[in-house]
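J.: Residue numbers (the UniProt record's numbering): 1 to 274.
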């Protein structure tokens with residue numbers, strides 16, 4: 001890749017700045033951390049690795065980066081692509097070979113969505129491997145749009161107000177998951193992946209599955225963004241600006257205990273005494 005144009009340089013700086021802000025805001029990476037960067041071969045994880053390698057050079061702390069890919073034994077998976085790329089940029093890496101493809105195909109009826117089971121199997125394997133190599137943080141490539149989409153998926157289909165947190169402690173307490181691209185837009189990431197000419201490996205385990213609930217939500221958000229540019233950013237900011245007293249979760253706010261404060265300053269002035 002030659003010299004960057006002005007717009008390309010702005011794109012690169014924006015992604016690096018936003019990732020740096022997310023890492024700082026949520027204290028994602030600390031001195032001496034070993035960060036396991038989970039690579040799928042998609043645009044998001046390539047961009048995450050690229051940005052983290054830059055931050056590693058300029059950060060005031062020292063931390064290790066090790067790239068990990070999980071070969072799920074999908075038919076036609078190009079096994080040589082990621083190793084060749086990682087060798088070319090001099091990054092330590094591991095390839096985990098585990099045939100979750102057969103498990104998913106066996107358990108999920110034809111025509112049904114496979115993403116949920118596939119992701120659970122992959123996540124469990126990666127958690128275990130992070131333990132084995134002594135990784136203190138596990139970096140995933142989810143971005144701002146993924147987080148907003150997950151919020152609406154849970155809202156519409158799960159009846160819960162939750163999304164993907166930028167930083168997460170696993171249920172067993174043994175893994176800390178970080179999402180350095182939490183402030184970055186999918187549009188910027190896609191443009192950067194094209195700019196850098198990353199060797200993208202498409203996920204074809206489940207086919208296109210265009211009727212997935214996530215695809216429906218994604219298109220809804222795209223349409224909203226077309227109608228009102230900047231709306232996705234506003235919705236993401238809302239996730240950072242939560243007021244439990246204005247919702248209805250009794251576990252988060254003591255509604256039952258609300259009482260008049262007898263010591264509060266009266267709202268109205270007694271004009272007769274003026």
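The beta carbon of each residue, even a glycine, is placed where N, CA and C say it ideally should be.
As the structure is a computational prediction, the values presented were derived from the model and not from experiment.
Please confirm whether residue 137 and residue 28 have their CB atoms less than 8 Å apart.
T.: Contact check for residue 137 against residue 28 passes: the beta carbons are separated by less than 8 Å.
J.: Can you find the residues in the same chain that come closer than 6 Å, C-beta to C-beta, to residue 207, ignoring five residues on each side of it along the sequence?
T.: Note that residue 207 scores 48 on pLDDT, short of 50, meaning its location in the model is unreliable and no value can be drawn from it.
J.: In whole angstroms, what separates the C-alpha of residue 210 from that of residue 182?
T.: Note that residue 210 scores 48 on pLDDT, short of 50, meaning its location in the model is unreliable and no value can be drawn from it.
J.: Quick check on this structure: which residue in 73, 35, 141 and 69 has the alpha carbon closest to the alpha carbon of residue 61?
T.: 35
J.: List the whole-angstrom C-beta distance separating residue 232 from residue 176, where the pair is believed to meet the contact cut-off of C-beta under 8 Å.
T.: Contact flag wrong, Cβ pair sits at about 27 Å.
J.: What is the DSSP secondary structure of residue 168, reduced to helix, strand or coil?
T.: strand
J.: Identify, in the order they occur along the chain, each residue of the same chain with its Cβ nearer than 8 Å to the Cβ of residue 51, setting aside the five sequence neighbours on each side.
T.: 15, 16, 19, 180 and 181
J.: Among the candidates 221, 189 and 246, whose CA atom is the shortest distance from the CA of residue 8?
T.: 189
J.: What is the DSSP secondary structure of residue 28, counted as helix, strand or coil?
T.: Coil, per DSSP.
J.: Please tell me whether residue 243 and residue 185 are closer than 8 Å, where the distance is taken between their beta carbons.
T.: no
J.: May I have the straight-line CA-CA distance separating residue 178 from residue 264, to the nearest angstrom?
T.: 43 Å
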